[in-house]
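Colleague: So the protein lines, in turn, are chains V and H.
Per this note's numbering, the first sequence starts with residue 33, numbered consecutively.
Per this note's numbering, the second sequence starts with residue 33, numbered consecutively.
Below is one structure. I have some questions about it.
There are 2 protein chains.
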Amino acid sequence: MKKLLIASNNAHKFEELSAILSHLDLKLFKPRDLGVDLEVAETGNSYYENALIKAQAFHEASGLPVLADDSGLEVMALDGLPGIHSHRFVPFGNATDRDRCFYLLGRLAGKPEPWLAAFHSTALLYINANEIYSSEGICPGKIITDYRGENGFGFDPVFYIPEQKQTMAELSSELKNQISHRARAIQGFNALRNWAKP
Amino acid sequence: MKKLLIASNNAHKFEELSAILSHLDLKLFKPRDLGVDLEVAETGNSYYENALIKAQAFHEASGLPVLADDSGLEVMALDGLPGIHSHRFVPFGNATDRDRCFYLLGRLAGKPEPWLAAFHSTALLYINANEIYSSEGICPGKIITDYRGENGFGFDPVFYIPEQKQTMAELSSELKNQISHRARAIQGFNALRNWAKP
């Protein structure tokens, strides 16, 4: 069984990816399992670049193949913002996820509805410096002037998925792990599936 | 010593007004002191109308002379919003004061700074149906992309007062009760001062 390090210190993200990857025959590690303690500055100009920066850093620190993910919310009426800048979207250091949601609603006030949006994820498999693969996933929806649901994180409570009649934060974990941007990036990741084969 | 009922269930506002009125020779009551339990819908189209609606209701319920206050934040770049609609500004029922601040910052994103603003207060003295007086106070400042200070409430943490180099929420109570919109409305309220004389 191959070993794979998930390049994230975020417990939420690790849980999600573990569940999404559970059908593959892999032994997953989080950085802490290996004594790896890294804060990686996401200075890239794209999801791919940010995922690559994280994957490289965690590969160098661990020697293991690494799966990195970089994701963001893109709102059409804001020309794709917050995008890869989701965490720097609010010009205020100690903003919480909830603060960011209300800031986003303020940004959208007065713009014609529906406020179409999509969550975007780039998953990147870094086996070594010569074998790097990536896959993208998108989950379309719209921003609503409401704040609903206790699951998830980030902009999930204001991101509504019409087919499900729920916000991303209202979805059960099972459903989220089938239809989320992150799930879709992994579902279409042939290189990952091939590599994972025993 | 004349009796005066403060027409507000808001403990913050009662404390502030008590301090601001402390130089007058009045015995102040809050509604609960008199067993008055009223929720008044602020359906007016101006600070004055809202203050009058509240004052009338509390006067009818208590028989006492009443001091009512209606206040709001006016932001120039938003054509005076949130104004008297401060509480309905965020289109979401359970929004907190902090949520409203971040929503406001979102509304202002991209608009040229400085984001000039003013807190506005209308204080209204309702002695009886034939003796009604009012006074206005304004505290000018600007909205900043920060969230500073633990005192105060509402939009105070994002309202910066250049002369003091502090947000409204950073001011000491003593200073706030000298320079706030509410303080200024009372300071200039000659009818109140004359009526309060023993």
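Each residue gets a CB set at the ideal place from its N, CA and C atoms; glycine is no exception.
These numbers come from a predicted model, not from an experiment.
So, with DSSP's three-state summary, where would you put residue 192(V)?
Modeller: Walking along the first sequence from the start, residue 192(V) turns up at place 160. Correct three-state label for residue 192(V): strand.
Colleague: Could you work out which residues of chain H lie near residue 216(V), taking near to mean beta carbons separated by less than 9 Å?
Modeller: Mapped onto the first sequence, residue 216(V) falls at position 184. In chain order: nothing, as chain H lies at least about 28 Å away.
Colleague: For the candidate residues 189(H), 175(H), 159(H), whose alpha-carbon lies nearest to that of residue 181(H)?
Modeller: What you label residue 181(H) is simply residue 149 of the second sequence in a count that begins at 1. The shortest Cα separation from residue 181(H) among 189(H), 175(H), 159(H) belongs to 189(H).
Colleague: Using 10 angstroms around the beta-carbon of residue 132(H), count the other beta-carbons present and answer buried if the total reaches 16, otherwise exposed.
Modeller: As a first step, residue 132(H) is located in the second sequence; it is residue number 100 there, counting from the start. It is buried - the Cβ of residue 132(H) has at least 16 other Cβ atoms within 10 Å.
Colleague: Can you tell me which residues form a DSSP beta bridge with residue 160(H)?
Modeller: Taking the first residue of the second sequence as 1, we reach residue 160(H) at position 128. Beta-bridge pairing links residue 160(H) to 163(H).
Colleague: Give, in chain order, every residue of the stretch 157-185 of chain V whose Cβ lies closer than 9 Å to some Cβ of chain H.
Modeller: 177, 178, 179
Colleague: Could you spell out where the beta strand (DSSP E) holding residue 111(H) opens and where it closes?
Modeller: Along the second sequence, one-based indexing puts residue 111(H) at 79. Here residue 111(H) belongs to no beta strand (DSSP E), and DSSP marks it neither H nor E.
Colleague: Report yes or no: is there a C-beta of chain H within less than 8 Å of the C-beta of residue 192(V)?
Modeller: Position 160 of the first sequence holds residue 192(V). Judged by the 8 Å Cβ criterion, residue 192(V) is not in contact with chain H.
Colleague: Per DSSP, which residues does residue 152(H) bridge with? Please list them.
Modeller: Working through the second sequence from its first residue, we reach residue 152(H) at position 120. 104(H), 170(H), per the DSSP bridge assignment.
Colleague: Taking the continuous beta strand (DSSP E) assigned at residue 38(H), which residues delimit it?
Modeller: Residue 38(H) sits at position 6 when you count from the first residue of the second sequence. 34-38 is the span of the beta strand (DSSP E), which, as asked, contains residue 38(H).
Colleague: Using a Cβ-Cβ distance cut-off of 8 Å, determine whether residue 122(H) contacts chain V.
Modeller: Mapped onto the second sequence, residue 122(H) falls at position 90. Taking Cβ atoms only, chain V reaches closer than 8 Å to residue 122(H), which makes this a yes.
Colleague: Against chain H, which members of the stretch 138-150 of chain V pass a CB distance test of less than 7 Å?
Modeller: 138, 139, 141
Colleague: Please name the residue in 41(H), 112(H), 51(H) whose C-alpha comes closest to that of residue 216(H).
Modeller: Numbered from 1 along the second sequence, position 184 holds the residue referred to as residue 216(H). If we check each option's Cα against that of residue 216(H), 51(H) comes out closest.
Colleague: Taking 8 Å as the CB-CB cut-off, is residue 111(H) touching chain V?
Modeller: Counting from 1 along the second sequence, the entry for residue 111(H) is found at position 79. False, the Cβ-Cβ gap to chain V never drops below 8 Å.
Colleague: What separation, rounded to the nearest whole angstrom, lies between the Cα atoms of residue 292(H) and residue 74(H)?
Modeller: A query on residue 292(H) cannot be resolved here, the shown segment of chain H reaching from 33 to 230 and no further.
Colleague: What three-state label does DSSP hand residue 116(V) in the structure shown?
Modeller: Stepping through the first sequence from its first residue, residue 116(V) is reached at position 84. The answer is coil: DSSP assigns residue 116(V) none of H, G, I, E or B.
Colleague: I believe residue 103(V) touches residue 79(V) by the beta-carbon criterion, under 8 Å. Please report the beta-carbon distance rounded to the nearest angstrom.
Modeller: As a first step, residue 103(V) is located in the first sequence; it is residue number 71 there, counting from the start. As a first step, residue 79(V) is located in the first sequence; it is residue number 47 there, counting from the start. With 8 Å as the limit, residue 103(V) and residue 79(V) qualify as a contact, their Cβ atoms being about 7 Å apart.
Colleague: Could you tell me whether any Cβ in chain V is nearer than 8 Å to the Cβ of residue 134(H)?
Modeller: Indexing the second sequence from 1 puts residue 134(H) at position 102. Against chain V, the CB of residue 134(H) has a partner CB under 8 Å away; the residue lies at that interface.
Colleague: How about residue 99(H) and residue 35(H): do their beta carbons lie closer than 8 Å?
Modeller: The sequence position of residue 99(H) within the second sequence is 67, counting from 1. The sequence position of residue 35(H) within the second sequence is 3, counting from 1. Result no, Cβ atoms of residue 99(H) and residue 35(H) do not sit closer than 8 Å.
Colleague: Which residue from 49(V), 105(V), 40(V), 226(V) puts its Cα closest to that of residue 84(V)?
Modeller: For this step, residue 84(V) is matched to residue 52 along the first sequence. The shortest C-alpha separation from residue 84(V) is found at 40(V).
Colleague: How many Å lie between residue 44(H) and residue 193(H) at the Cα?
Modeller: Here residue 44(H) is taken as the residue at index 12 of the second sequence, counted from 1. Here residue 193(H) is taken as the residue at index 161 of the second sequence, counted from 1. If you take the alpha carbons of residue 44(H) and residue 193(H), they lie about 20 Å apart.
Colleague: Tell me whether the beta-carbon of residue 168(V) lies closer than 8 Å to the beta-carbon of residue 154(V).
Modeller: Residue 168(V) sits at position 136 when you count from the first residue of the first sequence. Residue 154(V) sits at position 122 when you count from the first residue of the first sequence. Cβ atoms of residue 168(V) and residue 154(V): closer than 8 Å.
Colleague: Kindly say whether residue 131(V), judged by its beta-carbon, lies nearer than 8 Å to any beta-carbon of chain H.
Modeller: Sequence index remark: in the first sequence, residue 131(V) carries index 99 (1-based). It does: the Cβ of residue 131(V) has a partner Cβ on chain H nearer than 8 Å.
Colleague: Comparing alpha-carbon positions, which option in 65(V), 101(V), 111(V) lies nearest residue 48(V)?
Modeller: Within the first sequence, residue 48(V) is the residue found at index 16, counting from 1. Relative to the Cα of residue 48(V), the nearest Cα in the group 65(V), 101(V), 111(V) belongs to 101(V).
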